[in-house]
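Read through the structure below, which is laid out as structure tokens, and then see the notes.
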Amino acid sequence: MKKNDLYELSYELKRQLHLRIIVSVLSFVFLCVFITIILNFFVFPVRQKSVSMEPSVSPGACIMISRLYNEIKRGELILVQPKEAVKIPFALRALDYVAAFFTGQRIFPFSMARGAEKPLLRRAVGLPGDTIYMKDYVLYIKPAGQQYFLTEFEYMKIPYQVSIDPLNSEWDSALGSIGNFDPVFLDKDEYFVLGDNRTCSLDSRLWESLSRRSIVGKGLFQYFPLSGMRIF
């Protein structure tokens with residue numbers, strides 16, 4: 001092989017290597033952009049960290065949430081933002097989602113740095129037009145147009161279970177989650193949400209009712225742990 005041929009071969013190999021590197025980088029960038037678009041506008045995962053939704057959703061469970069929904073149905077698992085969210089620029093929020101995606105929902109670098117509170121998984125139990133009250137941690141509901149109160153379980157269209165741990169007789173009932181309250185009317189655009197673990201949850205008993213604007217999305221399915229995979 002002539003010397004010129006060797007130079008040409010070496011140049012061609014380098015050119016192909018550079019081309020592969022460029023294609024790999026562009027493919028990675030495209031993948032990140034694609035994931036960011038999906039996570040920002042359609043579906044995204046959340047990781048349950050507390051016992052507030054037991055026995056339905058245990059700590060460590062990962063749930064896929066959809067931002068696309070028409071109406072909130074009684075008993076649905078939803079993601080809510082009870083307080084005014086800290087405003088984070090779109091670009092930083094996108095990087096947050098990418099970082100969370102690759103770290104199993106453990107790291108949100110820009111949200112953490114700005115002290116933003118994460119949305120919480122809760123159960124939609126009271127809908128606009130309902131009159132509700134609670135007795136011994138069980139919600140009683142009288143929907144608009146109805147004459148009588150029935151328990152949340154008699155009105156449920158989506159089955160779920162609640163946890164009501166008995167409190168020690170010496171426990172101060174003024175502390176912890178409220179187990180009783182008088183009738184409350186939910187006006188237009190008011191939703192009442194509760195944790196399934198009624199004695200260990202921050203929810204509408206503390207925040208009061210939430211507006212539709214506070215609802216980030218609906219639970220689609222649980223994908224981790226694998227033994228608990230299910231559709232909501």
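Numbered continuously in UniProt numbering, the sequence shown closes out at residue 232.
Using N, Cα and C, we set each Cβ at its ideal position, and we do this for glycine too.
Leaving aside the five residues before and after Ile231 along the sequence, list all residues of the same chain whose C-beta is less than 6 Å from its C-beta, in chain order. Phe221
Helix, strand or coil for Ile65 per DSSP? strand
Using beta-carbon positions only, say whether Val43 and Ile22 come within less than 8 Å of one another. no
Given this structure, state the Cα-to-Cα distance separating Ile63 from Val46, to the nearest angstrom. 5 Å
Use the C-beta contact count for Phe192: other C-beta atoms within 10 angstroms, 16 or more gives buried, fewer gives exposed. buried
Going by Cα to Cα distance, which pick from Leu79, Val125, Glu190 is closest to Pro159? Val125
According to DSSP, simplified to helix, strand and coil, what is Arg212? helix
Using beta-carbon positions only, say whether Arg123 and Leu77 come within less than 8 Å of one another. yes
Just curious, the alpha helix (DSSP H) that Leu127 is in, first and last residue? Looking at the DSSP string, Leu127 is not in any alpha helix (DSSP H), and its letter there is neither H nor E.
Where does Lys49 fall in DSSP's three states? coil
Residue 237: which of Arg213, Tyr223, Glu154 sits nearest, CA to CA? Outside the shown range of the chain, which is 1 to 232, sits residue 237, and nothing can be said about it.
Within 10 Å of its beta-carbon, does Gln147 have 16 or more other beta-carbons around it, so buried, or fewer, so exposed? exposed
Since Leu79 is in the beta strand (DSSP E), which residue starts that stretch and which ends it? 77-80
In its own chain, which residues sit with a C-beta less than 7 Å from the C-beta of Phe185, not counting the 5 before and 5 after it? Thr131
Which same chain residues end up closer than 6 Å to Arg212 when comparing Cβ atoms and leaving out the 5 residues on each side of it in sequence? Asp189
Grouping DSSP H, G and I as helix and E and B as strand, with all else coil, what is Ser163? strand
In the structure shown, what three-state DSSP assignment does Tyr148 receive? coil
Excluding five sequence neighbours on each side, which residues of the same chain lie with their C-beta closer than 7 Å to the C-beta of Met156? Arg74, Gly75
Please state if the CB of Met53 and the CB of Leu121 are separated by a distance shorter than 8 Å. yes
Buried or exposed by the 16-neighbour rule on C-beta atoms within 10 Å, applied to Ile164: exposed
What residue range is occupied by the uninterrupted beta strand (DSSP E) comprising Leu202? Looking at the DSSP string, Leu202 is not in any beta strand (DSSP E), and its letter there is neither H nor E.
Where DSSP assigns a beta bridge to Gly217, which residues make up the other side? Leu79
Looking at the secondary structure, which residues open and close the beta strand (DSSP E) in which Lys188 lies? Premise fails: Lys188 is in no beta strand (DSSP E) and is neither H nor E.
Would you list the residues sitting across from residue 237 in a DSSP beta bridge? What is shown of the chain runs 1 to 232, which leaves residue 237 out entirely.
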